[in-house]
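Notes follow once the structure below has been shown.
In our numbering, the protein residues as written are 250 to 428.
Here it is, written out as structure tokens:
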């Protein structure tokens with residue numbers, strides 16, 4: 250059965266996108282990462298938030314445009330209440346978390362459903378559907394933007410460390426929600 254993974258590169262101060270969803274900061278931190286580079290082969294589908302789907306790609310206009318530096322090819326499900334009028338090749342639009350997650354898990358088979366987007370990841374966590382979290386910490390402070398995790402009013406989500414490793418330029422943290 251598919252596991253649900255939330256993966257993101259984060260600034261040291263906790264942001265996965267800068268103000269207005271700006272992702273340009275990420276480009277200089279996308280160097281080879283031996284502990285993570287093989288992850289794409291373990292992903293069977295994507296569950297993507299609408300803000301992420303319509304957002305800024307640090308590789309736009311290059312041969313590395315798209316998820317995982319253009320390496321991703323496979324089923325992607327976008328969670329949105331406002332699907333585009335025209336179909337978008339390679340993307341299925343779903344209106345609720347449970348049906349989107351079910352479709353993504355079915356498409357992923359025994360591989361990961363990789364969540365892209367902070368809001369969708371929070372929804373998965375709240376629904377008890379998030380199995381693992383991979384945070385790649387980049388050595389930069391953004392000061393503002395989209396947080397890795399945000400819960401108005403606060404909360405205390407306990408996590409267990411699965412592993413930690415370092416590449417020459419980032420720190421990789423694998424975690425799982427404590428159950």
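All C-beta atoms in this analysis are idealised placements derived from N, C-alpha and C, irrespective of residue type, glycine included.
Rounded to the nearest whole angstrom, the C-alpha separation of residue 262 and residue 392 is 7 angstroms. Taking C-beta separations shorter than 8 angstroms and ignoring five residues to either side along the sequence, the partners of residue 333 in its chain run 342, following chain order. At the C-beta level, residue 382 and residue 423 come within 9 angstroms of one another.
Put simply, the backbone Cα of residue 289 is about 7 angstroms away from that of residue 321.
Secondary structure at residue 288: helix, using DSSP grouped into helix, strand and coil. Of the residues 350, 260 and 323, the one whose Cα lies closest to the Cα of residue 340 is 323. Annotation: the continuous beta strand (DSSP E) that includes residue 252 extends over 252-260. For residue 409, the closest of 425, 415 and 395 by C-alpha to C-alpha distance is 425.
For the 9 angstroms CB-CB criterion, residue 253 and residue 350 form a contact. Closest by C-alpha distance to residue 276, out of 357, 412, 389 and 338, is 389. Sixteen is the threshold: when 16 or more other Cβ atoms of the shown chains lie within 10 Å of the Cβ of residue 354, as they do, the residue is buried. One Cα belongs to residue 369, the other to residue 264, and the distance between them is close to 15 angstroms. Distance from the CA atom of residue 268 to the CA atom of residue 394, rounded to whole angstroms, is 4 angstroms. The beta carbons of residue 251 and residue 407 sit no closer together than 9 angstroms.
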